[in-house]
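Everything on this sheet refers to the single structure shown next.
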Amino acid sequence: MSTRGLMLLLIAALWLPSGGLLAGGVSRSKLKEGKTAFEKGDWDQALNHFQEALLDDPTNPLLQFNLGDALYKKQRYQEAVKAFEKALSTTNPRLQEQTYYNLGNAYYQLQQYQQSIEAYKKALELDPNDVEAKHNLELVRAKLKEMAKKQQQNPASQQNNQQQQGQQNQAQNQQNKQDRQQQQQQGQQQQQGEEKQQAQQEQSDKQQQQQDQARQQDRSQEADKQQAREAQQARAEKKPLSKEEAERILQALRSKEIQNKNLKHMAHRAGKVHVEKDW
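For what it's worth, the numbering used here labels the leading residue of the sequence shown as 916, then goes sequentially.
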């Protein structure tokens, strides 16, 4: 299946109310450049031009439609679906019909066959004479019938597939369980390692504190001993006089006192003057 041809600006403009299809000259220019690249099969260049045009007019349905066409050509079907869904905001019936048609094609490529059928039916509601939409609708319905028939004809294969899927799910669940257990074990080991490291650090801090206290106590004891030595030395320097030294000092003081008295007596006697009377 292929998308409908790219809608031309001049044709689409005739379908819209007054006011024009695009917001400004930049969008018109980019749309024209994108159309030229699209017709040459240069999907990348066309996509770039349409994206640049959307920067000027991001809600424009025609630009979204053309963007979806370019994405479809690049087999980016999921993104094309999003662009086509935005293009459905148009009030133009012809653009809506072509958008539903291209949505049907994109859903088909994504193997979303029921959504594809609904899109073609919407297109036919808008244009019952669309031969291509009728053809594609019947094609998808036939595809679904064929798939259902194969499932009915091969119940054993389906059962095997289900059994295989169940085994795969069981294996995946077992692997997930092992992964969780491993993560839990790693978490416990990490926690134990952190607790051990914390205990070692606390022990190291405690030992360091004890060493600091011991050094402080040694310094305090040494200071006390030094003070005791200094006090003892001071007491030794102030020892009492011996008896002999005391007697010598006392004798010296007495001798000095006697000398002072003699000097005083002599001075007193020398001060008296005798005057002879002249009678």
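For every residue, glycine included, the Cβ atom is placed at its ideal position computed from N, Cα and C. Computed from a predicted model, the values in this text were never measured in an experiment.
Same chain only: Cβ atoms within 7 Å of residue i, ignoring 5 sequence neighbours per side
i, result
"Arg1163", "none"
"Ala1086", "none"
"Thr1014", "Phe980, Phe999, Ala1002, Leu1003"
"Ala961", "Gly949, Ala952, Phe953, Ala985"
Straight-line Cα distance separating residue j from residue i
i, j, result
"Ala1114", "Arg1144", "45 Å"
"Gln1011", "Ala1038", "8 Å"
"Lys1064", "Ser942", "50 Å"
"Leu936", "Gln1079", "Summary for Leu936: the model assigns pLDDT 49, below 50, so the residue's position carries little reliability, and this model does not support an answer."
"Glu1000", "Gln1098", "44 Å"
"Lys1111", "Ala1129", "27 Å"
"Ala1149", "Gln1131", "27 Å"
"Gln1101", "Asp1133", "47 Å"
"Asp959", "Thr951", "12 Å"
"Lys1176", "Arg1169", "11 Å"
"Gln1174", "Lys1140", "52 Å"
"Asn963", "Gly1108", "56 Å"
"Gln1105", "Lys1121", "24 Å"
"Asp1094", "Gln1077", "25 Å"
"Ser944", "Lys1036", "35 Å"
"Asp1127", "Glu1117", "15 Å"
"Ser1096", "Gln1090", "In the sequence under discussion, the amino acid at residue 1096 is Gln, which differs from the Ser named in the question. If you take the alpha carbons of Gln1096 and Gln1090, they lie about 10 Å apart."
"Gln1067", "Val1046", "32 Å"
"Leu924", "Lys1092", "Because the pLDDT of Leu924 is 30, which lies under 50, any placement of that residue in the model is unreliable, and the number read from its coordinates should be weighed accordingly. Approximately 59 Å, taken between the alpha carbons."
"Ala1161", "Gln1125", "57 Å"
"Asn1069", "Asp957", "44 Å"
"Ser1270", "Gln1136", "Lying before the first or after the last residue shown, residue 1270 is absent from the chain, which here runs from 916 to 1194."
"Asn1088", "Met1062", "30 Å"
"Ala1146", "Lys1171", "37 Å"
"Gln1123", "Ser1157", "56 Å"
6 Å CB neighbourhood of residue i in its chain, flanking five on each side removed
i, result
"Gln1166", "none"
"Leu1059", "Tyr1028"
Residue i versus the options, residue with shortest Cα-Cα distance
i, options, result
"Lys955", "Asn975, Lys988, Phe980", "Lys988"
"Leu946", "Leu969, Asp959, Asp957", "Leu969"
"His1050", "Gln1066, Gln1124, Gly1019", "Gly1019"
CB of residue i within 8 Å of CB of residue j, strictly
i, j, result
"Gly949", "Asn981", "yes"
"Ala995", "Ala1021", "yes"
"Leu1052", "Ile1032", "yes"
"Tyr1016", "Ala1057", "no"
"Leu1025", "Gln990", "no"
Beta-carbon contacts of residue i that lie in its chain and below 8 Å, excluding the five residues immediately before and after
i, result
"Asp998", "Sequence inspection shows Ala at residue 998; the Asp mentioned does not correspond to that position. Same-chain partners within the cutoff: Gln979, Phe980, Leu982, Gly983, Leu986."
"Gly1081", "none"
Beta carbon proximity, residue i to chain B, threshold 8 Å
i, result
"Val1046", "As a matter of chain content, chain B is missing from the structure shown, which is built from one protein chain."
With contact counted as at least three CB pairs below 8 Å, one residue from each stretch, are the segment 995 to 1006 and the segment 1041 to 1051 in contact?
-> no
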